[in-house]
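Encoded as C-alpha cells, the structure appears first; notes follow it.
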Amino acid sequence: MITFFTDTYHLTLRHIRTTLRIPIWLFVTLTQPVIWLTLYGQLFRRVVEIPGFEADSYIQFLTPGVIIMTAFFGSAWAGMGIIEDLQHGVIDRMLATPVNRASLIAARVAHAALTVSVQSVIIIVLGMILGASVQGGVGGVLAILLLGSLLGAGFSAISNGVALLTRREETLIAIINFFGLPLTFLSTAFMASDLMPGWIRFLAQGNPVNWAVNGARDAMLGQNWASTWSYMALLLAFVLVAGFFSTQAFRVYQRSA
Amino acid sequence: MDAISVRNLTKTYRNGVEALRGVSFNVAQGEIFGLLGPNGAGKSTTVRILATLTQPGDGTATVNGHDVVSDPAGIRRSIGYVAQASGVDRWGTGRENLVLQAQILRVPPSEIKRRVDELLEWVELTEAADKLVNTYSGGMRRRIDIAMGLVHDPSILFLDEPTTGLDPETRAALWTDLDSLRRDRQLTVLLTTHYLEEADHLCDRLAIVDQGKVVVEGTPNDLKAAIRGDTVTLEVEGDTAEAARSLRDLEDVYEVIPNGVSVIANVARGAAAIPQLVTALERSGIGVHEVTLSRPSLDDVYLQYTGHRYSAGAADQRKEA
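As they're listed, the protein sequences go chains W and Y.
Quick note on numbering: the first sequence equals residues 11 to 267 in the numbering used here.
Quick note on numbering: the second sequence equals residues 55 to 375 in the numbering used here.
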C-alpha cells in the first residue's frame, strides 16, 4: 500500500513535468476556454429569453458547462500518452521493475484530475471576468473542482483502458470523435434541461458529463447543495467503475504480451 | 548456483507464432552470455520471459534462483533489463529518468543522488544529464539505457540487441563500455545479438538460437575449434555452381558451397589446398579472381549446426515466404 502511494506520487510528477514542457499547452489551456465562452456565449446569448430558461445570463449558465466540457475532452485524450509509452517501450521497462502495477494507471488518472483542476480555475476566473458570478463562494469553487476532477479521473481511466486494449492512436481518436460531441450535447452544458426534447432529457440522466455539469451549476449558484452532493456520489461511482475497467484492461495487456 | 537456468522453454503467441520450441541453457555467475541468432529466432522472447514480461508456455526458467512463473517479484528486484526499444522517457532529462528508475526500483532515497551521479559519470553523460533525452544522439541514448539498467546495482543485466541500429563507431565504443562493465562490476550479463562478430568479441559463452531452439552452446573458441578445417573462398568468373562441381571430388575437400559470386570450400589444410583448388578450376576453364583463406569463424559454426549460411534477417524472409 505504501509503495502504491510513493510510486503513484513519483510517476505523477513525471507526467506533470512532461505536460509543463509542452510550450503550447499553457497557451491552449488559457485561450481555448476564452474562445468557447465568447463564441458560445455570443452565439446563444438570447436563449435565456426563451420562457422556461431559468438563468440570469447565458454566461452564468454556460461557465460550468465549459468547465466540464474542457475537463471531459482533456481527459478523454489521456490514453494517447500511454500509447506513446507502449510504443517506446516505457511501459515494458517499468513492468520489469517492482513498480506497483496499479500506480502505472493511478498516476495517469491523478495527472488528468490535476490538469482539470488547473484548467477549471482558469475558466472560473474567465467566466467571472465575462460576467458570471460564483454565488456558492469558496465552497462552490472547491465543489466545481472536485466534480471536474472526478469526471476527468473517470474518463482518463476509460481512455487509458481503451488505449491498452487497442494500442493504436487511430482507434482511440476514432472512439473519442464518436463519443465526444454526443456526450457533450446529451447534457445541459449548453441548453436547459426543461427545454430539451424528452428523449434527450432521458438519455442525459445516465450521462456522467451531464451529472458533472448539473452538479457544477448547482455548486456555482450555491443553492442546492443536496443536488451537488448526489451528483458527486454518482461521479464517484463512475470513477470506481472506470478504474475497474482500466485495471482489467491492463491485465489483458499483460497477459497478451 | 547458476545465475540463469533455462529448461525446455516453449512459447506460442496468441497469433499462433511458435516463438520458442524448447530452449535450454545455463548462465554462470559473472559470465557474459550471448544468445546469437537471426531476427525472429526467439532471442527476444527468451529474454522477455526471463525479465517476467511474458509468460512461458512449457518448461522452467529461474533467475537468481527465482522462478519466472511463481516468483516474478523476486526476479524484478535483482535484474536490470535494457530492451531493444530503449524505454527511456524522451521528454525527461537523463537525470530525471535515472532518478525515477531508482525510485521505482526501491533504491533508498538517501542513496539515489550519489548512485545517479556516479552512473552519469560512468556513462560519460554528466554534462548532458540535464538535457532532454530527445536531444541525445543514438550512442548517448544507448548509454543512458544501460545506466537505467544498472541504477539499483543488479546482479544480472539483460541486454536485448544492445547495438542494433548503431553506427559502427558507436558500436565499437559500446563494446568498450561493455568490456569495462565486465571488469568494473561483478555482473552477469545475458545479451542477445544478431551480429556474429559481436558475439565472438563480447561473450564468454554463447548459444546459437535458430527457429526457436538452441542448436549449440559453448565458448566462441571451443565452438570454432570444433569446426574441422579451414575455409577457402574463391571468387571466380562465370557460374559458381559449375565451379563447385569441379572442386567437390578433390582430396581433402570436405564441402563446397557456391553462392553466386564465389565458391566457399571447407578444406583440411588451407595453405596446402589453395594451389590444388586453383589448378582444378583452371583445368575446367574457370578463371579465379581472388582467393582468401580464413580460420573457422562463428559463421562456419552457424552453418555447421543449422545447415544454412548466417543471415541476420533469415527468419523474417522465411516467415514471408
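The beta carbon of each residue, even a glycine, is placed where N, CA and C say it ideally should be.
Would residue 274/Y and residue 295/Y be called neighbours here (beta carbons separated by less than 9 Å)?
One-based indexing of the second sequence puts residue 274/Y at position 220. One-based indexing of the second sequence puts residue 295/Y at position 241. No, the pair does not count as a contact, with Cβ atoms beyond the cut-off.
Please confirm whether residue 244/W and residue 219/W have their CB atoms less than 9 Å apart.
Here residue 244/W refers to the residue found at position 234 when the first sequence is read from its first residue. Here residue 219/W refers to the residue found at position 209 when the first sequence is read from its first residue. No.
Are there 16 or more other CB atoms within 10 angstroms of the CB of residue 260/Y, so buried, or fewer, so exposed?
One-based indexing of the second sequence puts residue 260/Y at position 206. Buried, because 16 or more other Cβ atoms sit within 10 Å of the Cβ of residue 260/Y.
Kindly confirm or deny that the region 224–243 of chain W and the region 140–156 of chain W touch, where touching means at least three C-beta pairs closer than 8 Å.
yes
Please classify residue 264/Y as buried or exposed, where buried requires at least 16 other C-beta atoms within 10 Å of its C-beta.
Position 210 of the second sequence, counted from the first residue, corresponds to residue 264/Y. Classification of residue 264/Y: buried, given that the 10 Å Cβ count is 16 or more.
Any C-beta of chain Y sitting closer than 9 Å to the C-beta of residue 85/W?
As a working mapping, residue 85/W is identified with position 75 in the first sequence. It does not; no Cβ of chain Y falls within 9 Å.
Consult DSSP for residue 342/Y and reduce its assignment to one of helix, strand or coil.
Here residue 342/Y refers to the residue found at position 288 of the second sequence. Residue 342/Y: strand per DSSP, three-state reduction.
Which whole-angstrom value is the C-beta distance of residue 111/Y and residue 147/Y, which I expect to be below 8 Å?
What you label residue 111/Y is simply residue 57 of the second sequence in a count that begins at 1. What you label residue 147/Y is simply residue 93 of the second sequence in a count that begins at 1. Not confirmed; about 41 Å, so no contact.
Counting contacts by CB-CB distance shorter than 9 Å, is residue 108/W in contact with chain Y?
In the first sequence, counting from the first residue as 1, residue 108/W sits at position 98. It does: the Cβ of residue 108/W has a partner Cβ on chain Y nearer than 9 Å.
Just to make sure I have the definition right: I need the residues of chain Y whose C-beta is within less than 9 Å of the C-beta of residue 204/W. Which are they?
Position 194 of the first sequence, counted from the start, is the residue given in the question as residue 204/W. Residues of chain Y passing the Cβ test: none, with the nearest at roughly 47 Å.
Along chain W, in chain order, which residues have C-beta atoms closer than 9 Å to that of residue 159/Y?
Here residue 159/Y refers to the residue found at position 105 of the second sequence. Neighbours of residue 159/Y on chain W, chain order: 107, 108 and 109.
Counterpart residues of residue 348/Y in DSSP-defined beta bridges:
Reading the second sequence from its first residue, position 294 is the one you call residue 348/Y. According to DSSP, residue 348/Y bridges with 285/Y.
Chain-ordered neighbours of residue 75/Y on chain W, where CB pairs are closer than 7 Å
Start at 1 with the first residue of the second sequence, and residue 75/Y comes out as number 21. By Cβ distance, chain W contributes nothing, its closest Cβ being about 20 Å from residue 75/Y, past 7 Å.
Are the CB atoms of residue 210/Y and residue 132/Y within a distance shorter than 9 Å?
Taking the first residue of the second sequence as 1, we reach residue 132/Y at position 78. Taking the first residue of the second sequence as 1, we reach residue 210/Y at position 156. Residue 132/Y places its beta carbon less than 9 Å from that of residue 210/Y.
Relative to the C-alpha of residue 203/Y, which candidate in 120/W, 215/W, 201/W and 102/W has its C-alpha closest?
Working through the second sequence from its first residue, we reach residue 203/Y at position 149. Proximity to residue 203/Y across 120/W, 215/W, 201/W and 102/W peaks at 102/W, based on C-alpha coordinates.
Report yes or no: do the region 239–253 of chain Y and the region 172–188 of chain Y share at least 3 C-beta pairs separated by less than 8 Å?
no
For residue 384/Y and residue 193/Y, what's the separation of their Cα atoms in angstroms?
The requested residue 384/Y is not part of the displayed model; chain Y covers only 55 to 375.
Can you tell me whether residue 152/W is buried or exposed? The criterion is at least 16 other CB atoms within 10 Å of its CB, across all chains shown.
Counted from its first residue, the first sequence places residue 152/W at position 142. That one is exposed.
Residue 143/Y to residue 91/W, Cα distance in whole Å?
Residue numbering aside, residue 143/Y sits at position 89 when the second sequence is read from its first letter. Residue numbering aside, residue 91/W sits at position 81 when the first sequence is read from its first letter. When only Cα atoms are considered, residue 143/Y and residue 91/W end up about 11 Å apart.
Can you list the residues of chain Y that residue 100/W reaches, using a CB-CB cut of under 8 Å?
Against the first sequence, residue 100/W aligns to sequence position 90. Going along chain Y in sequence order, the residues near residue 100/W (Cβ under 8 Å) are 141, 142 and 143.
Checking 9 Å against the spacing of the C-beta atoms, do residue 113/W and residue 14/W come in under that value?
Here residue 113/W corresponds to residue number 103 of the first sequence, with the count starting at 1. Here residue 14/W corresponds to residue number 4 of the first sequence, with the count starting at 1. Yes, Cβ-Cβ distance for residue 113/W and residue 14/W is below 9 Å.
Assigned secondary structure, residue 258/Y (DSSP; H/G/I helix, E/B strand, else coil)
For this step, residue 258/Y is matched to residue 204 along the second sequence. Residue 258/Y falls in the coil class under three-state DSSP.
Look up residue 267/Y in the DSSP assignment and give the residues it is bridged to.
Translated into positions along the second sequence, residue 267/Y becomes position 213. Per DSSP, 264/Y.
If you draw a straight line from the alpha carbon of residue 317/Y to that of residue 270/Y, how long is it in whole angstroms?
Within the second sequence, the letter at position 263 stands for residue 317/Y. Within the second sequence, the letter at position 216 stands for residue 270/Y. Spanning the two alpha carbons is a distance of roughly 26 Å.
Return no unless some Cβ of chain Y is closer than 9 Å to the Cβ of residue 176/W.
For this step, residue 176/W is matched to residue 166 along the first sequence. By this cut-off, residue 176/W is not an interface position.
What ranges does the beta strand (DSSP E) occupy inside the region 306–340 of chain Y, keeping only unbroken runs of at least 3 residues that lie completely in it?
307–312 and 316–321
Start and end of the alpha helix (DSSP H) containing residue 62/Y?
To locate residue 62/Y, count along the second sequence from 1; it is residue 8. Here residue 62/Y belongs to no alpha helix (DSSP H); instead the beta strand (DSSP E) covers 58–66.
So who's on the other strand from residue 72/Y, going by DSSP bridges?
On the second sequence, residue 72/Y is found 18 positions in, with the first residue counted as 1. Assignment of beta-bridge partners to residue 72/Y by DSSP yields 66/Y.
Are the CB atoms of residue 236/W and residue 74/W within a distance shorter than 9 Å?
Locating residue 74/W in the first sequence gives position 64, where the first residue counts as 1. Locating residue 236/W in the first sequence gives position 226, where the first residue counts as 1. Not in contact: residue 74/W and residue 236/W (Cβ atoms no closer than 9 Å).
According to DSSP, is residue 279/Y part of a helix, a strand, or is it coil?
For the purposes of this step, residue 279/Y is taken as the residue at position 225 of the second sequence. It is helical.
Tell me, please, which residues DSSP counts as bridged to residue 79/Y.
Here residue 79/Y refers to the residue found at position 25 of the second sequence. According to DSSP, which records beta bridges pairwise, residue 79/Y is partnered with 60/Y.
Could you compute how far the alpha carbon of residue 267/Y sits from the alpha carbon of residue 114/Y?
As a first step, residue 267/Y is located in the second sequence; it is residue number 213 there, counting from the start. As a first step, residue 114/Y is located in the second sequence; it is residue number 60 there, counting from the start. Each residue's alpha carbon lies about 15 Å from the other.
Any chain Y beta carbon closer than 9 Å to residue 21/W
By 1-based counting over the first sequence, the position of residue 21/W is 11. In terms of beta-carbon proximity, residue 21/W lines the interface with chain Y, with at least one pair separated by less than 9 Å.
Residue 243/Y, enclosing beta strand (DSSP E) - first and last residue:
Taking the second sequence and counting its residues from 1, the one referred to as residue 243/Y is at position 189. According to the DSSP assignment, residue 243/Y belongs to the beta strand (DSSP E) that extends over 242–247.
My understanding is that residue 161/Y touches residue 212/Y, with C-beta atoms under 8 Å, so please give their C-beta distance in whole angstroms.
Here residue 161/Y corresponds to residue number 107 of the second sequence, with the count starting at 1. Here residue 212/Y corresponds to residue number 158 of the second sequence, with the count starting at 1. No, residue 161/Y and residue 212/Y are not in contact; Cβ-Cβ is about 19 Å, not under 8 Å.
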